[in-house]
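First to last, the protein sequences are chains R, G, P and X. Here the numbering used here is used: the first residue of the first sequence is 1, the next is one more, and so on. Here the numbering used here is used: the first residue of the second sequence is 1001, the next is one more, and so on. Here the numbering used here is used: the first residue of the third sequence is 2001, the next is one more, and so on. Here the numbering used here is used: the first residue of the fourth sequence is 3001, the next is one more, and so on. See structure below.
There are 4 protein chains.
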Amino acid sequence: MQKEFDRPFVQSVLDDISHRMAGEADRGDVADYIPELASVSLNQFGIAVAPLDGLPISAGDANVAFSIQSISKVFSLVVALDRVGATLWRRVGREPSGDPFNSIVQLEFERGKPRNPFINAGALVVSDVILQEEEAKSEEHPVLELCRTLANDPTIEIDEAVFASEMSTGDRNRALAYFMLAEGNIESGVKATIESYFRQCSIEMSCVQLATATRFLAFAGNQELKEDWKLTPERARRINALMMTCGCYDASGEVAFRVGLPCKSGVGGGVVASVPGIGSIAAWCPGLDKKGNSVLAMRALEEVARELKWSVF
Amino acid sequence: MQKEFDRPFVQSVLDDISHRMAGEADRGDVADYIPELASVSLNQFGIAVAPLDGLPISAGDANVAFSIQSISKVFSLVVALDRVGATLWRRVGREPSGDPFNSIVQLEFERGKPRNPFINAGALVVSDVILQEEEAKSEEHPVLELCRTLANDPTIEIDEAVFASEMSTGDRNRALAYFMLAEGNIESGVKATIESYFRQCSIEMSCVQLATATRFLAFAGNQELKEDWKLTPERARRINALMMTCGCYDASGEVAFRVGLPCKSGVGGGVVASVPGIGSIAAWCPGLDKKGNSVLAMRALEEVARELKWSVF
Amino acid sequence: MQKEFDRPFVQSVLDDISHRMAGEADRGDVADYIPELASVSLNQFGIAVAPLDGLPISAGDANVAFSIQSISKVFSLVVALDRVGATLWRRVGREPSGDPFNSIVQLEFERGKPRNPFINAGALVVSDVILQEEEAKSEEHPVLELCRTLANDPTIEIDEAVFASEMSTGDRNRALAYFMLAEGNIESGVKATIESYFRQCSIEMSCVQLATATRFLAFAGNQELKEDWKLTPERARRINALMMTCGCYDASGEVAFRVGLPCKSGVGGGVVASVPGIGSIAAWCPGLDKKGNSVLAMRALEEVARELKWSVF
Amino acid sequence: MQKEFDRPFVQSVLDDISHRMAGEADRGDVADYIPELASVSLNQFGIAVAPLDGLPISAGDANVAFSIQSISKVFSLVVALDRVGATLWRRVGREPSGDPFNSIVQLEFERGKPRNPFINAGALVVSDVILQEEEAKSEEHPVLELCRTLANDPTIEIDEAVFASEMSTGDRNRALAYFMLAEGNIESGVKATIESYFRQCSIEMSCVQLATATRFLAFAGNQELKEDWKLTPERARRINALMMTCGCYDASGEVAFRVGLPCKSGVGGGVVASVPGIGSIAAWCPGLDKKGNSVLAMRALEEVARELKWSVF
């Protein structure tokens, strides 16, 4: 991997990609099962790179906030590991689900233990773990608090309309939660767990904020994070490993193959990719492919990785 | 990742690990479904590192040849990509199988297209592709030929006793092959495909030979390989990606998490790990865990990676 | 099938079986996942035969009331067919689930349409259909009302302690219901559907009451039922067919093979069997086998069928 | 069930149905995966009833021979039970497979033990059992011998063209057989088992021959069969039970519901139904529905059952 960081070159690559993406006709479809997301315009594209040192570099709609959705699973994993450490892995696995079918099948086969923290069932367990460890009702959702800290931006908020929309349509997640409750792997009750999970999914961030907030994945030795959130280098590396094998639903292998970087995507159309030793990338376009990943954000990451020769392999 | 290569330090790390492994009591079990492998002594352990430049460094039984088994899938993938390029992916996928159950279930759901080239069904398709492209019956198996070339060692051979043992017990692989034949994804017939596949699995190599032969995974810019086997840097990186997400059966996620390097294991007890930009590691101990990976070889890789700070993440 | 009904001989057969069952040591285990059922004594056994004409014949604890549980699915099916007729089959199938694993897997494969009305998911849909058709909030649960009518006994009641126990532990059923809600196959909401379902499961009846109440299955030409509940001969025959193929969970084939009569069992330990043209049998002992069927009740039915030469085949 | 057998009325019902079926436009499709079956004309329909006493009654193309295919599984089950008795059930189950997907999934979950003798995997085990018990190589296939005996017609033969066609396309069955071989549930080798199985599937019989040959299912007390083939009344009843729960692939529940008689169908377009105490019916039309059952033969059986009031329920 090329380690020098040539800011003007990176800027020109991002500008070029942003320009090309603006002309793309085939943009996929917005997530239509969450009404509030279904109304987002497809004609938006943003990309940002947050280097280990210096300000973020961006292009396109990189300052437009969008629903981070499943990208929040990276942040909730950090919170849960901070709270309970490696005991988390007693309740959730670390293997790709590799399932073209929904994970409830897998949950049944494996008696209520989700395969990894990045599928919905696993993220629900993570939310439950966090809830169990909240001694006092904090004013803010701890995942929101972490996002603000990592992005160094207290203006980040939860989109209440998206949250309400999720609450009104999240019955499949309730099925997963009740199933795990029956198997003894949910402790805070379904209602509280689902609500906490949907709140973190409804956090709104821009590409610039997301790239900044996920820089810790590449910046393994950050002393401040190490103390406040127990984000040791080893932990950051391991989250990268999980993103690489499980971060993009049932396209994780394909993304590893094409992009070559640990990625995490969300149905809001955002994707983050960490470039160990260099920085973090966030791209966004609301249109999704059939596997739930943003068509243009993923293509942009592939092109950035190829042109900047950023790959972990 | 630390890029300087300190030979004396690497040697001392390998010696130390080899010494500790010699004293380990819990060594797993040899693969008992292949009679010839069941008779291999558990009291062996070898490890070798092949840096991009210079001679291999090794410790323990690093020059003892063993059955490479599924590690051969890395080599056969190289041969198939050399022959047919990216059209290979029409017949085999690139996603982890993530299946606690055997992959015949997945094959049925996905109509005979295996999830990746590192599960048995996928490797059988790869063998079939290679057979289809053999114009004249070459004297040597092309995967053996590649192993000799990459290891720069013409003495590497197929263990005929292991081959005979596999042929007499490989009925589950025949079931996979007939299933794919029925779905139109085997073209050379089951007999020829199975025989070719078992021949490559029966290749015998030592840790030193394997580390040397897989160095190309880390050595993306090798000009000679690029010309003779179309092993471009991009192709090497992509094979690393597949190893990371699919290389260790249903423990691939766990290995990525713990070792942090692209690995490929075999039921002969060998594991190879590539360290992009630095070199390749091979470790071997015949005892396996329940998921089919060598208990001590995998632990050794984890320790080497940690002590030498080798991780792609 | 022998059509003459020899009351003294039937009585002697029941007495003999009841006597032998009292001495059986291996009685299975009570359903322990519903606390209220777990406390029922294993040392009880009852059996009753209700012929088409004349009073019931019984032996053992045939007048002790127990929780009918899944046997209620026969009665709720009658109510739903009365309300909506054959349109019911748009929402639930008529095939055995044949699944050693729980039906949530099947639900996922078949997009929320349960395989038959006798698995839990199917019975939940049936409950939902009934709820949708209740114009005014009737004082009594319509399934309870039907049981009283069929048994000609207004003293039949719901066991409120069992109902409360089910409500506190029914999370797997809630998972099924939310899953079907997400797929659009629950219309009354999960809470109301689950509550109505658990109420019908908590009905208490004795063997004598159950045999009397299910006599309609054998008594296809009953004019009164035909008018009040649309229980035509064809409908009774079809319910028998469903009981034969789907009535005893994943042991339905085995029961058809051994008993040769349409049966429906419940985890309270009761089983009913219809003998077309002759009458109905109900047997009860709380101990269950691994598939959820009463060990002694099923054995008693097998012996009754053999000794009285009652078989549909 | 109406026990009087009114020959003129039965004849008039068959004539009427045969006449109506001749005018049906929607006839399904012939089985196209066996080339030799794909060329059979759709414009054929036959039906025959063989009463316990007296000659068969028939209509349409009831004397045209067709490939009995899976109907042969009833006969091979009789042979295997004659040879090894109830020990057969150690190697094959008695439950419906209930699987919309192919049974290889089920085989994997249940470690190579097929769910019942009427799915392909189960019939392969039955063939293997028969082969194991053949002391001397008999001149004729024992299933063919049984068919000739039961139909009292030595002219019944195997269609060698169909057999050759099956052998050339039966790779999915070979996959099943190799899978069970790997699990230790095939003892005669795959080649011999498959060949024996395909030979029995290729037996040619007409509706009249089939109805006559399956009369034993209704004629439980036949003394001659009892001695020569150990076909006791209990055994006949149990085969009826298996046909009822497992005889028509994944439509067995539906057929029980609609027809109400134990049936066994084959992809040649034939279906047999036993009417306990009365006789046996065979109907045939080569066009199949999506589940592999003859569209018109099944509809004809439903109408015969309704008009003659023949139902076991």
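Heads up, the beta-carbon is just placed ideally off N, CA and C, and yes, glycines get one too.
Contact with chain P by residue i, beta-carbon distance below 8 angstroms
i                : result
D128 of chain R  : no
C3147 of chain X : no
E108 of chain R  : yes
L3077 of chain X : no
N3240 of chain X : yes
Minimum Cβ-Cβ distance from residue i to chain R less than 8 angstroms
i                : result
V1084 of chain G : no
R2115 of chain P : no
V1312 of chain G : yes
F2101 of chain P : In this prediction, F2101 of chain P has a pLDDT of 44, which is less than 50 and means its spatial position is unreliable; what the coordinates show is noted afterwards. Yes - at least one Cβ of chain R is within 8 angstroms of the one on F2101 of chain P.
E2036 of chain P : no
CB contact check: residue i to chain G, cutoff 8 angstroms
i                : result
N185 of chain R  : no
Q2 of chain R    : Confidence in Q2 of chain R is poor, its pLDDT being 45 and thus under 50, which makes the residue's placement too unreliable to answer from.
I3104 of chain X : yes
M180 of chain R  : no
A256 of chain R  : yes
R235 of chain R  : no
A31 of chain R   : no
CA-to-CA distance, residue j to residue i, given in whole angstroms
i                : j                : result
R1299 of chain G : R1306 of chain G : 11 angstroms
G253 of chain R  : F1179 of chain G : 24 angstroms
C1246 of chain G : N1240 of chain G : 10 angstroms
Q1106 of chain G : G1112 of chain G : 8 angstroms
K3172 of chain X : P2051 of chain P : Position check: residue 3172 of chain X holds Arg in this sequence, whereas Lys was assumed. If I take the Cα positions, the gap works out to 50 angstroms.
A1022 of chain G : V1064 of chain G : 15 angstroms
L1301 of chain G : P1114 of chain G : 28 angstroms
A3031 of chain X : A1192 of chain G : 30 angstroms
S2196 of chain P : R3094 of chain X : 34 angstroms
A1175 of chain G : S3018 of chain X : 44 angstroms
L2131 of chain P : D16 of chain R   : 60 angstroms
A2161 of chain P : I2034 of chain P : 11 angstroms
R2083 of chain P : S2265 of chain P : 24 angstroms
F9 of chain R    : N152 of chain R  : 26 angstroms
F1005 of chain G : E1134 of chain G : 41 angstroms
Contact belief for residue i with residue j at Cβ below 8 angstroms, rounded distance in angstroms
i                : j                : result
C116 of chain R  : S97 of chain R   : First, the amino acid is wrong: residue 116 of chain R is Asn here, not Cys. 7 angstroms between Cβ atoms; contact.
V40 of chain R   : R91 of chain R   : That pair is no contact at about 34 angstroms.
L1296 of chain G : F1045 of chain G : 6 angstroms
I158 of chain R  : R199 of chain R  : 6 angstroms
Proximity of residue i and residue j at Cβ, strictly below 8 angstroms
i                : j                : result
S2274 of chain P : L2217 of chain P : yes
L3146 of chain X : W3229 of chain X : yes
V3013 of chain X : V3079 of chain X : no
G269 of chain R  : L288 of chain R  : yes
R3237 of chain X : G2260 of chain P : yes
P262 of chain R  : M244 of chain R  : yes
F3313 of chain X : V2312 of chain P : yes
A1062 of chain G : A1048 of chain G : yes
Q1069 of chain G : V1267 of chain G : yes
F3219 of chain X : L2242 of chain P : no
E1980 of chain P : I194 of chain R  : Beyond the ends of chain P as shown, which are 2001 and 2313, falls residue 1980 of chain P; an answer cannot be given.
S127 of chain R  : S67 of chain R   : no
C-beta neighbour in chain X for residue i, strict 8 angstroms
i                : result
N2293 of chain P : no
>> Three or more C-beta pairs under 8 angstroms: does that hold for the region 3267–3284 of chain X against the region 3055–3067 of chain X?
In response: yes
> Is the number of C-beta pairs between the region 2200–2218 of chain P and the region 191–206 of chain R that are closer than 8 angstroms three or more?
Replying inline: no
>> For the region 20–33 of chain R against the region 158–168 of chain R, do three or more pairs of beta-carbon atoms, one drawn from each stretch, fall closer than 8 angstroms, so that the two count as touching?
In response: no
>> Closer than 7 angstroms between beta carbons: that is the criterion. Which residues of the region 159–177 of chain R meet it against chain A?
In response: Looking at the structure shown, chain A is missing, and the protein chains on hand are R, G, P and X.
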